[in-house]
Structure formats: C-alpha cells, structure tokens
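For the sequence shown, our numbering begins at 1 and goes up steadily by one.
Where is the CB? At the ideal position from N, CA and C, for every residue including glycine.
No experiment lies behind these values; they were computed from the predicted model shown.
Right, one structure below, let's go through it.
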Amino acid sequence: MCGIVGYVGNKNAQDFLISGLKRLEYRGYDSAGIVTLDKDGNATLLRAKGKIINLEEKLAKNKREDKIGIGHTRWATHGEPSETNAHPHQAGDIYLVHNGIIENYKELKATLTEHEFKSETDTEVLAALVESFYQGGAHPLINAVVQALKLVKGTYGIAVVSTKAPDEIVVARAGSPLVIGVGHDETLIASDASALVGHTKQAIYLNDGEVALIHKDSIEIKTLNAEPVSAKVEMIETNLAAIQKGGYEHFLLKEIMEQPESLKETLRGRVNLETGTVRLGGPGLSEEKLRKIKHLVIVGCGTAYHAGLLAGYYIEQFTPEITIETVIASEYRYRSAYIPKDSVALIVSQSGETADTLACLREIKKQGVPTIGIVNAIGSTIAREVDGGTYVHVGPEISVASTKAFTSQMIAMVMFGLTIAQAKGVKPGVLYPYIKEIANLPEMIRKTLEQVHDDVKRVAEAHKKYEHAIYLGRDTAYPAAMEGALKLKEISYVDANAYAFGELKHGPLALIDDRFLEFALVPKGPLFDKAISNVQEVLARGGHVIVVTNTDFDLPVEDVIRIPGEIEHFAPMLMNLVSQLFAYYMTVAKGYNVDQPRNLAKSVTVE
Ligand code: F6R
Numbered sequence: 001m002c003g004i005v006g007y008v009g010n011k012n013a014q015d016f017l018i019s020g021l022k023r024l025e026y027r028g029y030d031s032a033g034i035v036t037l038d039k040d041g042n043a044t045l046l047r048a049k050g051k052i053i054n055l056e057e058k059l060a061k062n063k064r065e066d067k068i069g070i071g072h073t074r075w076a077t078h079g080e081p082s083e084t085n086a087h088p089h090q091a092g093d094i095y096l097v098h099n100g101i102i103e104n105y106k107e108l109k110a111t112l113t114e115h116e117f118k119s120e121t122d123t124e125v126l127a128a129l130v131e132s133f134y135q136g137g138a139h140p141l142i143n144a145v146v147q148a149l150k151l152v153k154g155t156y157g158i159a160v161v162s163t164k165a166p167d168e169i170v171v172a173r174a175g176s177p178l179v180i181g182v183g184h185d186e187t188l189i190a191s192d193a194s195a196l197v198g199h200t201k202q203a204i205y206l207n208d209g210e211v212a213l214i215h216k217d218s219i220e221i222k223t224l225n226a227e228p229v230s231a232k233v234e235m236i237e238t239n240l241a242a243i244q245k246g247g248y249e250h251f252l253l254k255e256i257m258e259q260p261e262s263l264k265e266t267l268r269g270r271v272n273l274e275t276g277t278v279r280l281g282g283p284g285l286s287e288e289k290l291r292k293i294k295h296l297v298i299v300g301c302g303t304a305y306h307a308g309l310l311a312g313y314y315i316e317q318f319t320p321e322i323t324i325e326t327v328i329a330s331e332y333r334y335r336s337a338y339i340p341k342d343s344v345a346l347i348v349s350q351s352g353e354t355a356d357t358l359a360c361l362r363e364i365k366k367q368g369v370p371t372i373g374i375v376n377a378i379g380s381t382i383a384r385e386v387d388g389g390t391y392v393h394v395g396p397e398i399s400v401a402s403t404k405a406f407t408s409q410m411i412a413m414v415m416f417g418l419t420i421a422q423a424k425g426v427k428p429g430v431l432y433p434y435i436k437e438i439a440n441l442p443e444m445i446r447k448t449l450e451q452v453h454d455d456v457k458r459v460a461e462a463h464k465k466y467e468h469a470i471y472l473g474r475d476t477a478y479p480a481a482m483e484g485a486l487k488l489k490e491i492s493y494v495d496a497n498a499y500a501f502g503e504l505k506h507g508p509l510a511l512i513d514d515r516f517l518e519f520a521l522v523p524k525g526p527l528f529d530k531a532i533s534n535v536q537e538v539l540a541r542g543g544h545v546i547v548v549t550n551t552d553f554d555l556p557v558e559d560v561i562r563i564p565g566e567i568e569h570f571a572p573m574l575m576n577l578v579s580q581l582f583a584y585y586m587t588v589a590k591g592y593n594v595d596q597p598r599n600l601a602k603s604v605t606v607e
C-alpha cells in the first residue's frame with residue numbers, strides 16, 4: 001500500500017527519494033510525489049498520477065540540488081487517484097505525507113475554516129491541522145505535529161517538513177510502520193526497510209505513539225506525551241541481491257524458483273534428522289504449556305489464511321486431542337468467538353503489518369490467550385506485539401502475489417504442531433515420517449520445479465483463452481487448491497474458485513462447460529480413488545481437466561502435470577508449486593503485469 005521515504009543529509013535528496021519510491025513500488029500504488037527544500041526553504045513539489053516514471057518525467061525538468069525532502073506512493077483510500085490527491089500535501093509552510101487513515105477527518109476539516117482545501121484526502125486535513133498549530137513557524141514543528149496528532153483518531157505513519165525549518169523532518173507513527181535509517185551525516189526514512197538497503201544497515205523502528213525530530217546528524221524520539229524514548233538501533237539484514245530480480249524477468253518467477261533456498265532458511269537449526277525432532281526457540285512456551293494445548297486458533301488473510309488451513313490439516317493428523325480453527329482475520333476480529341482455556345493463537349503474516357491480522361492479535365491478547373507470530377518481516381508490528389514467534393526467514397517478498405512465504409509459513413506452523421506433539425509424548429514413529437519429509441522438502445521442491453517447469457509453461461499457454469477456472473482437491477489438496485485459485489485470480493484475472501471434490505455434486509458441477517477449465521490436484525493416498533471418480537464425473541460433463549498428480553491413472557484428461565512421487569504427506573505443497581507456475585505463465589501469456597496486479601497492494605495496512 002502507500003509508501004513513505006525521506007532524506008536529510010549532504011547528498012541529492014531527489015535522487016534518494018525517487019530510488020526509494022521505486023523500491024516501494026511493489027507495495028502497490030496509483031500516484032506518487034516528492035517535495036524537496038533548498039537551504040532557504042524554497043520548496044519543489046512534484047506529483048504525478050500513475051507510475052513513478054511519470055514523476056521522473058517531471059523531475060527531469062525540475063532537477064534540484066536540495067538536501068532534504070520527503071516522498072510518497074499513494075494507494076487511494078479517500079478520493080480518486082489523481083495528481084491533486086497525491087501526496088505530499090501542502091498547508092501554508094507545511095508539507096506532509098501520510099500512510100493510514102484519519103477516521104475523524106470530516107470533523108477536523110469542519111474546524112479548519114482558514115485552509116482552502118484542494119484535495120479530497122484525509123491527509124490534507126492533517127497537513128492543515130499541523131499548520132493551524134504551527135502558525136507560520138511561531139512554534140517548533142515537532143510541537144505542532146504533536147498537538148495535531150493528539151486530536152487525530154485513526155492510523156498514521158507521517159513525515160512532515162516545513163519551509164521555515166529546512167533542515168529537519170518530523171515523523172510519527174500509530175499503526176503504520178516507519179523506519180529511520182541512521183547514516184553518516186545523513187538520516188533516511190522509509191515505511192519499509194527495503195528502501196534503505198544499500199544506504200545504511202542501521203535502523204530504528206518507530207513504535208506506535210512515538211514522534212521523532214530528525215536532522216542529518218541527530219534523531220530525537222519521544223512519545224506524544226513528551227516522555228523521551230531511548231532508541232534501539234537494529235541491523236537491517238536484507239542485502240541488495242535479495243531485492244533485485246537477479247536475472248529473472250519478474251520477481252514472481254524469482255520468488256517461486258528460490259523456494260528450495262528460502263525453505264532451507266526456515267528449517268535452519270530447527271529440524272534434527274538424527275534425533276528425529278523439531279526445535280523452535282521463538283514461541284517460548286515451556287514443555288508443560290505445550291503439553292496442555294488443546295486448541296489452536298490460526299489467524300491470517302489470503303495466502304496466509306490458506307497456509308494456516310493446510311497446516312491445520314497436518315497438525316490434527318499427528319497431534320492427539322487438539323481442535324484447530326483456522327480463521328480469516330477480517331471476519332474473526334468482529335466475531336464474538338469464545339476461545340477456550342488451554343488455547344494458543346498463531347498469527348500468520350508475511351508482512352507483519354496486515355491491519356485485520358493485527359487487530360485480531362490485539363483482540364486475542366485481550367482474552368489472555370498466548371499469541372505466536374508466524375511472520376516474515378523482521379521488526380514488523382505483529383512480530384513485535386506477539387508473545388513469542390517464529391520468523392520464517394524467506395527474505396523480502398517483492399511480488400504482490402505471495403509464493404515463497406506460503407510454503408514456509410505452512411511448514412513453520414507444521415513444525416510448531418510437531419513441537420506440541422513431541423511435548424504431548426506422541427511416539428517418534430508417528431512423527432518421524434513428517435519430520436523426514438520436511439527435511440527433504442527443499443531438495444524435493446528443487447526437483448519438482450525443474451521437472452514441471454516446461455510442462456506447466458506449455459499447458460498454461462495452451463489454456464490462456466480461459467476466463468473461468470475451478471480448482472479441485474480433497475483433504476490436504478483442498479487448501480492447496482484454494483491457494484492455487486487465489487494465485488490465478490489475483491494475477492491473471494481469471495475467475496478462479498476452489499471446491500472440495502466432495503462438494504461438486506452440491507452445486508458447482510452445474511458450472512462445467514466449455515468456458516471453464518478444471519485444475520485438479522490428485523495426490524496418491526487413501527482418497528485417491530474417490531478423487532479420480534470425481535474427475536471422471538467432471539469429464540463426463542465435458543470438463544477441460546488438467547490433473548496434477550504424483551502417480552499414474554488412466555483417464556482422457558486434457559493434460560497431466562506429474563510431480564515427483566517420493567513425497568507422500570506434503571505432496572499437495574509440491575502441487576502448489578505447479579499452481580504458482582501455472583498462474584505465472586498464464587499471466588505472462590495474457591500479457592498482464594505479473595508483479596503488480598491491478599487494484600492490489602503487497603501489504604494491506606488499512607482495513
Ligand atoms: C496473495 C497475497 C495476500 C496476502 C494477504 C496477507 O498472494 O499475497 O492474500 O497473503 O494480504 O498478507 P500478510 O501475509 O502480509 O499478512
């Protein structure tokens with residue numbers, strides 16, 4: 001979603017702002033803008049609708065040597081995507097960029113009669129509110145910002161500059177991330193550490209309710225109540241290679257292909273084949289607490305939700321007396337759900353910033369239930385607010401569609417399930433087959449991707465005319481089918497839905513005709529024959545079926561994509577690699593934007 005960058009130092013601010021905004025492009029946006037100040041406070045404001053390239057065209061005609069500035073990529077919430085609604089917004093001497101939503105902006109706007117509003121945004125209201133306290137520089141900028149924020153209801157990450165103080169930036173956060181990069185004689189700001197990579201390795205993550213006064217050589221942080229905060233400087237672990245395409249045409253393909261390595265990172269030091277055990281340090285639950293767990297609530301959105309669903313199927317296979325409920329965060333946060341005693345909640349999020357997931361975390365904590373994060377982004381809000389957690393360590397996921405995170409989230413949750421089962425005294429003979437497969441998965445993912453790649457590309461190109469698709473699976477292949485359908489719909493805009501095979505006769509079978517293709521995940525196992533007869537039923541009604549399997553069968557389907565047969569339990573996870581590649585090649589064949597699908601954002605920080 002929206003992105004913020006800022007710079008104060010000795011270098012060209014426009015250069016950093018544009019390169020920083022480009023790093024944040026992956027989050028999704030519809031307009032962009034920057035403002036820089038020269039040493040006398042003269043401002044150069046540049047804004048453009050659409051891609052950053054449009055902003056660069058304006059920049060080419062307005063090059064400046066300014067050493068301070070702020071920038072923004074906007075994802076419209078209040079008011080259409082347009083140059084006027086793009087940030088930074090100006091009010092008098094103030095320029096302000098903002099991520100989040102000011103909920104009481106209408107009430108505030110009604111009081112700001114002196115300001116002539118030009119945009120439809122809540123952000124301009126905030127700029128005008130700061131200006132009303134700033135009064136042309138009569139008060140320090142930070143004081144004006146604090147006074148304004150005390151009146152605000154909602155979420156924000158903001159950066160503010162003033163033409164009257166052209167050597168300082170004020171930033172603040174409540175519910176929307178802000179990172180301060182500490183450099184040599186320069187200070188940088190971003191809403192996402194990836195914009196800072198290559199500039200500095202040292203970062204301060206602002207907490208909710210904090211405000212910072214930033215100069216090129218100093219950072220002072222305090223709370224809105226004026227209590228000083230001693231900042232913790234943390235290392236940015238990401239390197240440049242991790243946020244570049246590395247020779248691939250798209251980030252999505254790179255991220256699909258790097259899953260053998262990213263899963264290895266998730267497993268590192270956590271799986272011991274010699275002892276046949278799994279060890280996760282992060283959750284921080286004692287053996288006794290693990291033994292007592294009777295109920296797991298797994299919370300996430302979209303792909304993270306699917307990872308939780310699939311993990312739940314596995315955990316209940318090998319853990320006695322456990323009830324698992326996997327829930328969609330945007331629904332759960334408003335339900336009156338009762339969480340029984342001896343429960344633990346798993347909070348699943350790649351970005352660690354998803355607004356609905358974060359809201360659930362806070363609700364669940366209020367009930368006194370221990371919360372465990374399954375998070376990728378280090379230092380993110382969810383990672384910091386959970387009671388314990390397991391980072392999945394897949395590195396930055398840049399493409400909007402989540403791929404490598406799904407695989408690692410799912411396995412990280414299964415590993416957590418295994419630690420519960422171990423504590424409950426489940427026989428090693430029951431757990432070992434799962435642990436052995438997990439240890440082999442990175443290699444099996446590599447083998448699968450290599451084996452299926454050309455076939456999937458061919459099959460996707462052959463089916464590019466389809467606008468409707470049904471994904472089908474039973475048991476563990478069902479959540480995998482749900483994830484496959486989500487991938488296809490979000491990037492290739494095919495109307496794709498998933499059904500459990502057994503549900504076909506209860507409605508969806510009526511859909512089968514020449515407009516639809518069916519993508520069936522059929523692993524060998526106890527339900528194989530049942531799934532094959534379901535495929536037969538679809539074929540009998542003229543279906544166009546593509547089967548993904550790890551075994552042989554004899555049916556006149558349109559295409560078969562075979563994955564390696566060595567993996568039994570986690571075969572649906574390998575099948576999901578096929579779905580990922582299929583969605584990728586379908587999107588390329590249809591000619592759509594693979595990494596930044598329309599209307600979507602990478603990290604959904606508003607409700
Ligand atoms: C789909 C996708 C989304 C995210 C969802 C949750 O490819 O990327 O469905 O999975 O928005 O995001 P996180 O995991 O960051 O909470």
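Here Tyr432 has Gly276 as same chain residues with Cβ atoms under 6 Å from its own Cβ, once five neighbours each way along the sequence are excluded. Here the alpha carbons of Thr77 and Glu258 stand approximately 34 Å from one another. Looking only at Ser230, Lys153 and Lys590, the smallest Cα-Cα distance to Lys465 is reached by Lys590.
Around the Cβ of Ser218, a 10 Å sphere holds fewer than 16 other Cβ atoms; the residue is exposed. DSSP places Val538 in the uninterrupted alpha helix (DSSP H) bounded by Phe528 to Ala540. Assignment of Ser194 by DSSP, reduced to helix, strand and coil, places it in the helix class. In the DSSP assignment, His453 falls outside any beta strand (DSSP E) and lies within the alpha helix (DSSP H) extending over Pro428 to Ala462. In this structure, DSSP gives Met1 a state outside helix and strand, which the three-state scheme calls coil. Partner residues in a beta bridge of Tyr314, as assigned by DSSP, do not exist.
From the listed residues Val375, Arg74 and Ser343, the smallest Cα separation to His98 is found for Arg74. Cβ atoms of Leu240 and Tyr7 stay farther apart than 8 Å, at about 18 Å. For Val170, the number of other beta carbons within 10 angstroms of its own is at least 16, and it is reported as buried.
Relative to the ligand F6R, the beta carbon of Gly282 is positioned no closer than 8 Å to any heavy atom. If you look at Ala144, you'll find it in the alpha helix (DSSP H) that goes Leu141 to Leu149. Taking C-beta separations shorter than 6 Å and ignoring five residues to either side along the sequence, the partners of Val179 in its chain run Ala190, Ala193, Ala203 and Tyr205, following chain order. Note on geometry: alpha-carbon atoms of Ser380 and Asp554 lie some 50 Å from one another.
Secondary structure of Glu107 (DSSP, three-state): helix.
Per DSSP, the unbroken alpha helix (DSSP H) holding Gly20 starts and ends at Ala13 to Leu24. In this structure, His463 lies away from Asp495, with their beta-carbon atoms at least 9 Å apart. By the criterion of at least three beta-carbon pairs nearer than 8 Å, the segment 260-268 is not in contact with the segment 291-298.
Within the segment 46-113, the complete beta strand (DSSP E) segments of 3 residues or longer fall at 68-74, 89-91 and 94-99, listed in chain order.
Within the same chain, Cβ atoms closer than 8 Å to the Cβ of Phe516 are found at Tyr466, His468, Ala469, Ile470, Gly543 and His544, the five residues on either side in sequence being excluded.
Here the C-alpha atom of Val426 lies approximately 13 Å from the C-alpha atom of Ile322. Separation of Gly209 and Pro340 (C-alpha to C-alpha, rounded to the nearest whole angstrom) is 32 Å. For Arg291, the uninterrupted alpha helix (DSSP H) segment begins and ends at Glu287 to Lys292. Contact between the segment 361-374 and the segment 384-400 is present: three or more C-beta pairs spanning the two stretches fall below 8 Å. If you draw a straight line from the Cα of Gln147 to the Cα of Thr319, it is about 53 Å long.
In the DSSP annotation of this structure, Leu206 is not part of any beta strand (DSSP E), being labelled neither H nor E.
By the C-beta density criterion, Thr303 is buried, having at least 16 other C-beta atoms within 10 angstroms. Per DSSP, the unbroken alpha helix (DSSP H) holding Thr419 starts and ends at Lys404 to Ala423. In the DSSP annotation of this structure, the continuous segment of the alpha helix (DSSP H) that includes Val125 starts and ends at Asp122 to Tyr134. Counting C-beta pairs with one atom in each stretch, the segment 119-131 and the segment 83-101 have three or more that are closer than 8 Å, which means they touch. When DSSP assignments are scanned along the segment 306-352, the uninterrupted stretches of beta strand (DSSP E) that are 3 or more residues long and fall wholly within it turn out to be 323-328 and 343-349.
Contact between Pro523 and Ala481 is ruled out by a C-beta separation of about 11 Å, above the 8 Å threshold.
The segment 455-527 contains, as complete beta strand (DSSP E) runs of 3+ residues, the segments 468-473, 495-500 and 516-522 (chain order). In the three-state reduction of the DSSP assignment, Val578 falls in the helix class, which pools H, G and I.
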